[in-house]
Ligand SMILES: Nc1ncnc2c1ncn2[C@@H]1O[C@H](COP(=O)(O)OP(=O)(O)O)[C@@H](O)[C@H]1O
Ligand SMILES: [Mg+2]
């Protein structure tokens with residue numbers, strides 16, 4: 160999937176501008192990281208890509224394989240293969256993980272998957288993520304710890320096989336061992352599905368020890384201000400965001 164985010168300006172209800180002429184081209188199979196300080200608009204970007212209703216698109220476009228996806232609802236974008244691993248996954252009372260995943264799989268593949276095949280695949284995913292097998296039958300994220308919620312998001316990714324994966328602050332809530340396991344699963348997924356695009360959003364560079372990006376972008380005040388490779392992330396780790404190009408600096412996109 161080729162995604163071009165073109166000159167996107169986004170406000171919230173009160174008219175506050177959160178994304179400001181944001182542009183980024185993401186080629187199939189590439190791994191991009193967006194780094195930036197708290198509140199610069201990273202999670203807003205991830206939610207806007209999935210048509211979150213709180214945000215207004217003032218101008219610009221999101222083009223997927225040549226077509227604007229702005230008219231598409233969240234579920235239509237999901238069926239296209241866009242997947243968001245939330246920064247703070249919500250819980251859903253009354254729907255078990257397995258019911259949810261089987262329904263979502265049926266929706267995305269348009270085929271009712273055989274129960275046995277489905278359970279085997281889910282058990283395998285749960286084992287690879289070192290999750291408690293009982294979680295299959297619990298309500299989605301209900302009383303899950305922060306780290307368990309993140310693992311559950313990655314389980315969904317492994318089962319639903321998206322083409323475009325947005326990982327918003329994947330490391331938040333994960334202890335060192337869980338972070339390693341989760342990143343191993345992401346890397347394995349990428350190896351098995353090399354055309355998958357990954358957009359990794361983080362304010363903390365630690366996760367880049369595990370997931371190696373092709374491009375590192377720095378975001379500030381709703382726009383990209385700098386682009387580089389891993390060395391840019393290393394510079395930020397040492398010097399913080401204050402060392403990056405100041406506001407109004409030009410972003411040399413690809
Ligand atoms: N629905 C909303 N209503 C009002 N303000 C919002 C809303 N969503 C985000 N914001 C504000 O937009 C800014 C960017 O938020 P966010 O995208 O979550 O930042 P980040 O993920 O980079 O830390 C913040 O100042 C936040 O308070
Ligand atoms: Mg955020």
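Residue numbers (this note's numbering): 160 to 413. From the three backbone atoms N, C-alpha and C, an ideal C-beta is built for every residue, glycine too.
Original post:
Mind checking whether the beta-carbon of residue 200 lies closer than 6 angstroms to any heavy atom of ligand 1?
Top reply: Result yes, Cβ under 6 angstroms from ligand 1.
**OP:** Would you list the residues sitting across from residue 268 in a DSSP beta bridge?
**Re:** Beta-bridge partners assigned by DSSP to residue 268: none are found.
**OP:** Just confirm the distance between the C-beta atoms of residue 313 and residue 341, as a whole number of angstroms; I'd bet it's less than 8 angstroms.
**Re:** Rounded, the Cβ-Cβ distance is 5 angstroms, consistent with contact.
Original post:
Which full runs of the beta strand (DSSP E) of 3+ residues lie inside the segment 190 to 232, going along the chain?
Top reply: The DSSP assignment places complete beta strand (DSSP E) segments of no fewer than 3 residues inside the segment 190 to 232 at 190 to 194 and 214 to 223, in order along the chain.
**OP:** Would you kindly work out how many angstroms separate the C-alpha atoms of residue 213 and residue 197, rounded to a whole number?
**Re:** Cα to Cα, the separation comes out at about 19 angstroms.
Original post:
What three-state label does DSSP hand residue 166 in the structure shown?
Top reply: Residue 166 carries a strand assignment under DSSP once its states are collapsed to helix, strand and coil.
**OP:** Examine ligand 1 and report whether any of its heavy atoms sits within less than 6 angstroms of the Cβ of residue 384.
**Re:** Answer for residue 384: no, Cβ out of range of ligand 1.
Subject >> residue 372 to residue 347 span [Cα, whole Å] >> reply: About 15 angstroms.
Original post:
On the three-pair Cβ rule with 8 angstroms, is the segment 326 to 346 touching the segment 258 to 278?
Top reply: As far as the Cβ criterion goes, the segment 326 to 346 does not touch the segment 258 to 278, which means the pair count is below three.
**OP:** May I ask you to check if the CB of residue 355 is nearer than 6 angstroms to at least one heavy atom of ligand 1?
**Re:** No, Cβ of residue 355 sits at least 6 angstroms from all heavy atoms of ligand 1.
**OP:** Mark residue 256 as exposed unless 16 or more other C-beta atoms lie within 10 angstroms of its C-beta, in which case mark it buried.
**Re:** Flag for residue 256 reads buried.
Original post:
Looking at C-alpha atoms only, which residue of 194, 164 and 181 is the closest neighbour of residue 366?
Top reply: Closest by alpha carbon: 194.
Original post:
Heavy atom of ligand 2 less than 6 angstroms from the Cβ of residue 393, yes or no?
Top reply: Checking every heavy atom of ligand 2 against the Cβ of residue 393, none is found closer than 6 angstroms.
Original post:
Does DSSP put residue 261 in a helix, a strand or coil?
Top reply: DSSP places residue 261 in helix when its eight states are reduced to three.
Subject >> Simplified DSSP assignment, three categories, for residue 277 >> reply: In this structure, residue 277 counts as helix in the three-state DSSP scheme.
Original post:
For the segment 306 to 325 against the segment 225 to 234, are there 3 or more C-beta pairs whose distance is under 8 angstroms?
Top reply: Cβ pair count under 8 angstroms is below three, so no.
Original post:
Looking at the unbroken beta strand (DSSP E) that takes in residue 392, where does it start and where does it end?
Top reply: Where residue 392 is concerned, there is no enclosing beta strand (DSSP E), although the alpha helix (DSSP H) around it starts and stops at 389 to 398.
Original post:
Roughly how many whole angstroms lie between the Cα atoms of residue 264 and residue 281?
Top reply: Residue 264 and residue 281: Cα-Cα distance of roughly 11 angstroms.
**OP:** Would you identify the three-state DSSP class for residue 305, choosing helix, strand or coil?
**Re:** Here DSSP, grouped into helix, strand and coil, assigns residue 305 to helix.
Original post:
Beta-carbon separation of residue 243 and residue 360 under 7 angstroms?
Top reply: Pairing residue 243 with residue 360 gives a Cβ-Cβ distance that is not under 7 angstroms.
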